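In this note's numbering, the protein residues as written are 61 to 242. Where a beta carbon is used, it is the ideal one built from N, C-alpha and C, also for glycine. Remember, it's a predicted structure, so these values are computed and weren't measured experimentally. Right, one structure below, let's go through it.
In structure tokens form, the structure reads like this:
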């Protein structure tokens, strides 16, 4: 139970930090916008194949391994808003391009979000997700976890899940969603 509590606390601290960062860049309104459909999609069908690729690429591309989970979250949020019935069966492979994990970000930006790669919105999103990834990697380093240990894997998995949520929340915010008191 002690390990689960540690992981949950780490996840909360990271999420709070990234929400503050995104809010400072005006890509969130101070809170994480969440949705059960979007959250379940990650755990049910995206997490396993994404983590398999991200772990393999982590040594050479740690920032991309973390940040691109944010693009996944943005894509699923966009699909949820557009027509969830039509898109809820989308797979991780459907979001990849010809180079697989290597061009996942570009494929989502162009095909799903509808931005040209050199456009201002695409650059703004790339900068934000990059900043989030750097913040997350810094937080991981400050945890002083033994490399290649079970704890290292679980912290990485929780980090990726937070980045997915952050990406989804950014997209929902950009689509105009907000929480209001009733």
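Paired residues, beta bridge with residue i - DSSP
i	result
residue 160	157
Residue i (DSSP reduced to helix, strand or coil)
i	result
residue 129	helix
residue 168	helix
residue 74	helix
residue 134	helix
residue 151	coil
residue 206	coil
residue 67	helix
residue 62	helix
residue 81	helix
residue 176	coil
Beta carbon of residue i nearer than 8 angstroms to that of residue j
i	j	result
residue 189	residue 157	no
residue 172	residue 182	no
residue 91	residue 239	yes
residue 165	residue 128	yes
residue 75	residue 211	no
residue 222	residue 78	yes
residue 110	residue 147	no
residue 113	residue 235	no
Residue i - containing alpha helix (DSSP H), residue span
i	result
residue 221	210–234
residue 101	96–101
residue 198	180–202
residue 118	107–118
TODO: Specify whether the stretch 214–231 and the stretch 66–86 touch according to this definition: at least 3 beta carbon pairs, one from each stretch, less than 8 angstroms apart.
DONE: yes
- [ ] Taking 8 angstroms as the threshold, find out whether the stretch 134–154 comes into contact with the stretch 105–122 through three or more Cβ pairs.
- [x] yes
Open item on the list: When you compare the stretch 119–127 with the stretch 192–201, are there three or more beta-carbon pairs, one atom per stretch, that lie closer than 8 angstroms?
Closed with: With the rule of 3 Cβ pairs closer than 8 angstroms, the stretch 119–127 counts as touching the stretch 192–201.
Open item on the list: Taking 8 angstroms as the cut-off, does the stretch 80–93 touch the stretch 228–238 (at least 3 CB pairs, one atom from each stretch)?
Closed with: yes
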